[in-house]
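Residue numbers (our numbering), protein chains in the order written: chain L, 1232 to 1322; chain U, 2 to 210; chain D, 92 to 508; chain A, 202 to 1195.
Yeah, the Cβ is synthetic: ideal placement off N, Cα and C, and Gly gets one too.
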Amino acid sequence: MRIVCPFCGERELGEFTYLGDARPVRPAAGSSEDEVFDYVYLRDNVAGPMSEYWYHGGGCRAWLKVARNTLTHEISSVEPAAGVGAAKVGA
Amino acid sequence: MAEFSWIARSPLEHALVVGAHGARGTEAGVWLTEIRNFDLIQVMARRGKTAELAKAAQARFGVAAPETPKAVRVPDATLIWSGPDQFLVLSNAGKHAIEPLSQAFSQSASLSDQSHARVLISVSGEKARSMLAKLSSLDLHPAAFPVGTAAATSVDHTSINLWRGNDWPDGQAVFNLLVFATFAGSLWHTMLDAAAEYGVDIRHSEELA
Amino acid sequence: MKYSIFSLARAAFSGHKNWQRTWRDASPKSHYDVVIIGGGGHGLATAWFLASEYGIRNVAVLEKGWIGSGNAGRNTTIIRSNYGLPGNTGFYELSMKLWERMEQDLNYNTMVSQRGVINLYHSDAQRDAYARRGNTMRINGIDAELLDLTAVRKMMPFLNFDNARFPVQGGLLQRRGGTARHDAVVWGYAHAASALGVDIIQNCEVTGFIRDGSGKVTGVETSRGRIGAAKVGMAVAGSSSRVAAMAGMRLPIESHVLQAFVSEAIKPLIPNVMTFGAGHFYVSQSDKGGLVFGGDIDGYNSYAQRGNLPVMEDVCEGGMALMPMIGRIRLLRQWGGIMDMSMDGSPIIDKTPVDGLYLNAGWCYGGFKATPGSGLVFAHLLARDEPHKEATRFRLDRFRRGAMIDEKGQGAQPNLH
Amino acid sequence: MVGPAQTHRLESGGLIDRAAPLSFRFDGKSFAGFQGDTLASALIANGVKLIGRSFKYHRPRGILTAGSEEPNALVELRSGARREPNTKATTAELYDGLEAASQNRWPSLRHDLMAVNQLFAPIFVAGFYYKTFMWPAKFWEAVYEPAIRRAAGLGRAAGVADPDHYDKAWAHCDVLIAGSGPAGLAAALAAGRSGARVILCEEDFAFGGRLLADGGTIDSLPAAEWISRTLAELAALPDIRIMNRTTLFGVYDGGTYGAIERVNDHLPSPPEHQVRQRLWRIVARRCVVAAGAIERPIVFAGNDTPGVMMASAMRTYVARYAAAPAKRIALSTNNADGWRTVETALAAGLQIAAVVDARPDVSAAHRALAAKAGFPVLSGSVNGVEGGKAGVRKIAISLTGGARAEVEADGLAVSGGWNPAVGLTSYHRGRPKWQDDIAAFVPDGAPPGMMAAGAANGAFGLGDCLRQGFAAGAAAAQSAGRSGNAGTPPVADDEAFSLTSLWHVAGKGKAFVDYQHDVTASDIELAQREGFESVEHLKRYTTLGMATDQGKTSNVAGLAIMATLSGKSIPETGTTIYRPPYVPVAIGAFAGHHRDENFHATRLTPSHHWAAEQGAVFVDTGLWKRAQWYPRAGEKDWLESVTREVKAVRSGVGFCDVSTLGKIDVHGPDAGAFLDRVYINTFSSLAVGKARYGLMLREDGIVYDDGTTSRLAEDHYFLTTTTAKAGLVMQHLEFCRQVLFPELDVQLTSVSDQWAQFSIAGPRTRDLLREIVDPAEDLSNEGFPFMGAREVSLRGGTRARLFRISFSGEMAFEISVPARYGDALVRNLMLAGKPFGVTPYGTEALGVMRIEKGHVAGPELNGTTTAADLGLGKMMSTKKDFIGRVMAGREALVAPDRQVVVGIKPTDKASRLRSGAHIIPKDKTPGPDNDQGYVTSVCFSPTLDQWIGLGLVECGRERIGEIVHTHDPLRGEDYDVELCSPVFYDPDGGRQRG
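Written out as C-alpha cells, the structure reads:
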C-alpha cells in the first residue's frame, strides 16, 4: 500500500502507523461512562470505504485522516488531522 | 582539582574508518562523507503564527522558510523542510545556534536544539543512487528528486531527513542524510553493506557542503 | 461409512468406486431447532457437539461458500493451550483435551500431531513473563516446561546461537502442543455431524435476520430462501461485524488480515512448532514437508484476504534471524485470512442483547486451536442458555465492566493484540 | 574423469556457445555442456532421460517442460551449505563445475526402493490418510507420522546457515513490463519511445521468450535479428532498465510489485561483496503483463514416462539448445501449434514417428508436410505409453472411430493447448474469464494499473502479440502521463490457431494430472464421488496444484476433468484462487540484509564505547545495548558485581547512563494545559525550575507510561518516558496534539538523541558534582532542593541540565549534556570521582535499587494494571479531565479484590525469589481457585542481605504482614514469603531529600 501524504507526497506503507477508525469523536469532558465506552470499544468495522487515522511517523510526523476501502485497500483521499497545520490558523 | 576536557565525539567515531572499503580495482562507486561539527535547530511554528514566522525567517536568512519538502541554501545556512509548520536550520560556526535563533523566532516559533541528536552523512559518486535504492523507498531519479528536494523519510525503520544538495562540479549528485545519533553506527554499517559491491571511499569533514 | 485401514483396503479392490460423500449435500428445510451461520471449523464443531453431546440434531450449518473457506482453511494449523490468564487458560486446555481425542470422536484422521510448541525467549523480562505463564499452566494442570539455553540448543541445534542480534536464552515448552491438519478438521466435523443428521448447506449466504414482534430472532433470510430457527448461532469470525450489523449490533471487534506462508516441501528439518520471541515469526513443518510460517497481522482493518509485502518481508527477516539455514528454501505461497480482532485479544462467546441470537466471535490469533473447545462451549450455550463453565469470562459485557482478558496488555487497540 | 560424449547434441544450431564448453556432475557422474545451456538442456544433450522420482509413488520422471512450470525435473543443486533442494533443472543455468543430484530416492535414482509404494498405489489414493492411521491413538505421533514425514518432502535443505548474502532494493517507473517475448519487447518499445520510464523483467537469462525457440519474421527480419535490434534501440533510450534473470512474482497494493533478481545464481558462488539474489520492490504507475502462456499436458495413462514432453519444450531443446530429447518423435496434439515441433524436429534432421491430432481437420499444409516427410497423421488421441526408466518405447493410440494403433518412438511431444499466465493479473482475487476459442482462462479483473498483452492475454499469433504488446505499452505510457511519439508497431504475420478441447483420454494405467504430487485422473474422480467438488476442496483433498510448480501445468486440466465429472462447464466450476509468488522465491531474499546481527538496528548510548573499554556486559533493551554491569577482576559472577555496584552507590557515589529514556521537549503557551490532559496529575501548576513524576493512562484507564517532567521555562517542559515506550509515547502525544486537542498551542520534539543523560546517586553525589559543575552554581539542599531542575554550567564552560530526581532512593541528580559530550562527561566523572570511589553501575544495579525503593517499572506496568494497582491511585486528579479518566472507573477496575503491588520477602533469608512464581495462600494446595497473583520483579538486596521482590497480589495492601507461599512448579521452587510494604529502603525518603 502507498499513501499520499499531503505534505510529503506518495510514500510507502512502512513509513506509516495505523490507529483505526477516525469516525468516533472523543467525548467531551464530563461525558458519561456509556459514551466513553462506546468511543473506546465499539466499532463499525466497515467493509468498504472507511475513514481512518494513520500516523506518518516515518516521515513528517503528521497524523492523517485516510479514506480507504477495506475491501480493496484503495485509498480515495488523505487529509491532515485537525491540528496539523495549526500554524496557519487565523493567518 | 582535575582538569576536564570536553571533547565532542561523533557517534561514528568508532564505526567510520577513513579509506577504501568493499570492491577494489576501479574507482569507488560511492563516496561517503560524515560531516562533523554543525548546528542544527528545529524550528516549529506556533499556532496561528505562520505569517510571523515567515517574516522572521525572511529577516534572519533573507529567504522564506520552506513550506514544502525543499532544502533552501543561503550563504551561511541551509533551511530544510522537516514537516508541516517546521523546518531545520543547518549551519556551523554558531551564528545560527540555538540562542541567537531563539531570539530571532521568540514570537513565532518553538525551537529545539538537535545539533547533537543527528549525524550528517553525504553520499555521492556514480553509484550513489544504486546504493541508496537499497536503503530508501524514495524515487531519487533526477526528474523526481531534483537539486534542493528534501524529504522526511525512513531508512531501516529509522527516521531520517534526506535532501539533495548542489551537484559536484563534475555533475555528480550529492545526497545528504541526517540520521539519529544513537542509530548512526548501525545505519553506517548498513550503508557500507549496501555500497560494498560498488567500492566505497570513506572520509569525514568539518565542512558543510 | 466407517473409515479404517480395512475399509480402505476393501475399497481398493473395487477401485474406490463405493465411497460415499464425506458429508451429505443437504438442502435447507423450513425450520431447525438451531441454525448456525458459518461452515467453518467452529460452526461445524458446534453442530457436532449439539448433536452428539446435547442431543439436538435438528441443526443446520449455513455456509456462504464451501465449508472451511474462511479461516479454518487459511491458518498455520497450530494447536496449544499455553495461555496465561484466567478464562483463556482453562478454555484452551479444554480444547486441547478435545484435540487429543478428536480422531476417535470423529472417525476421521485430522492428523493431530503433538510435536511440542516452544516459545523462545531472548531476555530476562521475556523469561519472567513466560515463567508466570508456564506456572499458570501448571497450576491449572497443563504441561509446561521452562527450558534454558542448553536444553534449547540440544532440541534445536540449527537456531542461530552464534551471531544473533537477539540471542536465544531459553524457551517455554508445551509438549502437548503441536499441529493438526486444518482442512481435515473441517471435513471430520462435517463427516461426523452429517452422520448424526446435521444439515450442512453450502453456497447459502445469510442476508438477514427474521425477527418477531418482540424483536426475537426466529430465523434467517438466505440466498436459498427463508429458514426458520428457534435459535441462531453466529460463528463467522472475519465477518462477525457484518453479520451482527444485520441484527443492529456493533461489536468490540475489528477485522484484520493475517498472512501465512508455506515453503516448498523438503525433508524433515524442524521438529516442532517454534515462536521467535524477538521478532514476528512462528513456524512448523507440515507432514507434507512445507515450512508453514507466519507473523503478526498486517495492522490495518481489512476484508481483502490478501497480504502486503512489508509484513511478508518482516516475517522472513524474523525467520532468517532465528534460523539462517532457511535462506535457500523457497517460499511457495502466501495468503491472507481475515481475523476477528477483539478489543482485548480474547474471544466472545455469549448470548447477544437480541433474543434468540448467540455470538461466537473475536478469536484473534486463537481461532484454529480453539476449534473443538469453541464447538463444545458454544453448543452448551445454545443448548442450555448459560455459559459453559470454561467460558464464563468470554462475556460480551466484560468490556463494559472492565473485566478484559488482555494477554498482551495492549488495551483497546485490536491491531496490537 | 572424462564424461560421456554429448550423444544427443545436434551438430549445428542453437543459441549455445560451442566455444565455451562446461563440465558438470549429475548424481556424481561427469558430463559436458556449453555456455547457454540449462542443466536440463545439458542433460538432454547427454542423453539422460531419468532425472527424478515422483513424490508419492516414486515413479521415474524425466523432463516435461523448458521453464519454471517444470513439475518433474527437480534436483538438489550445489552442495554443502549451498545445497538448494527442489531446483528446477529447466531453469538452472549451467556453469562450469555445477553439481546436481536427484532427490527423493534411495539408494539411487535408478534403483529406488521407495518405488515399492507403487505396489500400494491402490490404497494410496487421494486423502487415504484421513481414513486411516487412527488406531491406536498414540501411534500417530509414534509411528505413522514420522514415517509419513520421512517419506514426504522432496529435496533436503542444507540444514546449516546460508553462506550467501541477499539484499533488497526499490525501483520506480512509469511502465513495468513482465516478459521479453514479442509482446513484452513491443510494449517496451512503445512505452520507451513515448518517453516513459520503463522497467522490463525477464525471467530467463536470454531475451526473446518463445521467439528464441520458435523464430519467425518480424519487420522482415529473422526473429533473432529483430530481438538484437530492439534491445539496442531500447538500450539507447534514456530511462529504460532491462533486467534478465528477474521474475516479477507478485503485485501488491498501491502499484508495488515484487521481483526477484537471480544476480549470481549462474555462477558457482557470488563474487566477493556481491549478493546471490536481490529482491526488488518496484513502484510502477502501470504494468504490462506479457508473461506469455504455458502449454498444458493431456491426461492419459503413462503420460509421466520419461521422454513424454511438452511439444513447445521439445522444440525449445532442439532449436534453442541444439539438444535432441528424442530421435524418433511422436506428437500428440489437439491444436495447430503442436505442429511447430514437427517442423522444428524435421529441420534438425530428427525423425517423426507420427502425429496424433485430436482435431477433426488438420490443415492441408500440415498434411502435405507429413506426406513429404513420410510420417502418418492419425486422427485420435494417445491413450497409453509403454516405457520406463529408459524412456518412451511405444505409444498406444485410440483412433477416431474406435480403432487402436501403436507407434514406436523414443519421445512423445504433447500439446493440449496453451494457458495464458494469469497469475499476476489474478493475485488481487480477480477471477480470470473463460475464452472458448482457445479453451483457456484469460485475465479479467486485473489489479488497478495492470493490463495483459500477447499470449498472456490469450493472443497466440505473433503479429497479434506484437500489436497487443505495442498498444499496451503505448497506452500505459500515456496513462502515466508520457505522450511522446511511439512510432509504428513491429509487424509480423499471424499464424492460424485452431484447437479441439481434449483434457483426459481414458486408458489403462495411471494418468497424471499433477505430476509432482502424483494426482491422477482417478483421484479427481474419487474426490468428486466423496463430495469434494468445489475446486478449492478438490485442491485441498487431492493436493492438486499445491506442489512447487504451483499447478502451472495441472490446475486447468484438473478442474476441466472435475467439470466433466460434475456435469458443469469449466467456467461454472471456476478456478482456485491464484496466489503469489509466481515462482517460489528464496526466503533469504525476502530477508535481505536483515539477518544475524543486522536483523534489527542497534542503538548505542553516548557512553557505550567508554563502557566497552571498561569491560561492561551489555544487555539488549529494545534496540539498545545497555551496560548491564561492570565486572571487575576476581568477581565470580554477575551477582557479586551488581552487589558491589549497589553498595558503592548506597555508601558513596555511582553513576549510570540513562540516556535511553525517551526525552521530549514540550513547547508552547498551552504546554501545561496539554500535559494536564495526558497525565493523571497536574503539570500546569508546576513551578519553573521544578520536576514532577507523572503517570499516563491509556484511554481504557490502564497505566500507559511514567516518567518525570520538568518545567524549564514558562512555555517549555522537558518530559521523559520509559525506555521501552519512548517512540510510542511520542506518537501518542502527537495524536493528542494533532487529533484530540488541536485547539492547544503546543509543539513537540523528540530530543532523546540530543542529550546524554546520567543518573548520579549516592550520599557523595554532591561532592562529585561540585567537582564537575561550575563552583558558582548552588547545589545545596536549599539552592537545589529535591525535585529541582535547571540549567547549569560545567567547569570548562559546557552547559548542562541538572535534575534533582532519584530512582535509587539515594541523594541523586540526573545530569544531561549534549550527546557528543556524553563520552567526555563519563570520563570526567571518573576523573573527578576518583577520590570518592565513584562507581559506574549498570541496569542490574539500577533495577536492584528501584526494587529496594519500591518503584514500579516494566514488569508492573504490564498493560493490565491501574494507577491504584500500582499504589498511585491518589495521583489521579479529580479536578480535571484526562486521558483514561472515565474508563478507569469501571467496576472491575476498581474492584476491591484486584491484584495490587506489594513487597515480598522470603521468611527464610537464605531462600531465593524468582519472577513469575505465583502467590498461593499458605497451607493451600495450589490450584486455579487460589492463584492470587505472582511475583513481578526480584533482586538480591545487598542492603537487606536477602532476596526481595515486588508482586501483584490480590488485596495485597490489606494483607501486609501475611505469610503466603510462592509457588514455582516450573523451577521446582516453593517458599514461604511475607507480604510487606513495597518500599524496603528508606521508607520516609529522608535520603533522597537530604
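query: Span of the alpha helix (DSSP H) around D:Asp219; result: Asp215 to Ile230
query: Burial state of A:Ser421, where buried means 16 or more other Cβ atoms lie within 10 Å; result: exposed
query: At least 3 beta-carbon pairs within less than 8 Å: the stretch 439-447 of chain D vs the stretch 1266-1274 of chain L; result: no
query: Proximity test, Cβ basis, 8 Å: A:Leu438 and chain U; result: no
query: Residues, ordered as in the chain, of the stretch 1287-1307 of chain L that lie near chain B by beta-carbon distance below 7 Å; result: Given the protein chain composition of this structure (L, U, D and A), no chain B is represented.
query: Closest by C-alpha distance to A:Gly898, when choosing among A:Ser767, A:Met1076 and A:Glu462; result: One detail in the question is off: residue 898 of chain A reads as Leu in this sequence, not Gly. It is A:Met1076.
query: Counterpart residues of A:Met511 in DSSP-defined beta bridges; result: A:Val615
query: Spatial neighbours of D:Trp157 in its chain, beta-carbon cut-off 6 Å, leaving aside the 5 residues before and after; result: Gln293
query: First through last residue of the alpha helix (DSSP H) which encompasses D:Gln195; result: Met193 to Leu197
query: Local Cβ density within 10 Å of A:His259, reported as buried at 16 or more and exposed below that; result: buried
query: Helix, strand or coil at A:Trp956 [DSSP, three-state]; result: strand
query: Start and end residues, beta strand (DSSP E) containing A:His917; result: His917 to Thr922
query: Near-chain A residues of the stretch 43-56 of chain U - C-beta to any C-beta below 9 Å; result: Gln43, Met45, Ala46, Arg47, Arg48, Gly49 and Lys50
query: Proximity to D:Lys499 [Cα-Cα], best of D:His133, D:Lys120, D:Gln217 and D:His122; result: D:Gln217
query: Start and end residues, alpha helix (DSSP H) containing U:Gln59; result: Thr51 to Phe62
query: CB of A:Asp368 within 8 Å of CB of A:Arg479, strictly; result: yes
query: Nearest-angstrom Cα separation, counted from A:Pro383 out to A:Lys250; result: 32 Å
query: Below-8 Å beta-carbon distance, U:Gly84 vs any chain L residue; result: yes
query: CB contact below 8 Å: A:Lys369 versus chain U; result: yes
query: Own chain, CB closer than 8 Å to A:Val692, minus 5 neighbours either side, in chain order; result: Ile419, Asp420, Gly664 and Leu667
query: Collapsed DSSP secondary structure at A:Met1031 in the structure displayed; result: helix
query: Simplified DSSP assignment, three categories, for A:Leu700; result: strand
query: Other residues of its chain near U:Ala197: CB distance less than 6 Å, five sequence neighbours each side excluded; result: Gly23
query: Interface positions of the stretch 1244-1260 of chain L facing chain U (Cβ-Cβ less than 8 Å), listed along the chain; result: Gly1245 and Glu1246
query: A:Pro772: first and last residue of the uninterrupted alpha helix (DSSP H) it sits in; result: Ile771 to Thr774
query: Exposed unless 16 or more other CB atoms sit within 10 angstroms - verdict on A:Tyr779; result: buried
query: Per-residue burial, A:Met202 [other beta carbons within 10 Å of its own, 16 or more giving buried]; result: With a pLDDT of only 36 at A:Met202, under 50, the local geometry of the prediction cannot be trusted, and the value read off the model is given with reservation. Exposed: under 16 other Cβ atoms inside 10 Å.
query: U:Leu33 in three-state terms, based on DSSP; result: strand
query: Residues of its chain near A:Glu900, where Cβ-Cβ distance is below 8 Å and the 5 sequence neighbours each way are ignored; result: Ile1084, Gly1085 and Met1088
query: Close-in-space but distant-in-sequence residues of the same chain around D:Ala138 (CB under 7 Å, 5 per side omitted); result: Ile127, Val150, Val152, Ala284 and Val289
query: Inter-residue spacing [alpha-carbon to alpha-carbon] between D:Phe140 and A:Arg1099; result: 36 Å
query: DSSP-derived helix/strand/coil call for L:Asp1265; result: helix
query: Option nearest A:Cys1140 by Cα separation, candidates A:Glu841, A:Ala301, A:Phe985 and A:Asn982; result: A:Glu841
query: Contact under 8 Å by Cβ, A:Ala514 with A:Leu265; result: yes
query: Cβ neighbours of A:His809 in the same chain (closer than 7 Å, five flanking residues each side left out); result: Lys826
query: Chain L contacts from the stretch 110-123 of chain U (Cβ-Cβ distance under 9 Å); result: Ala110
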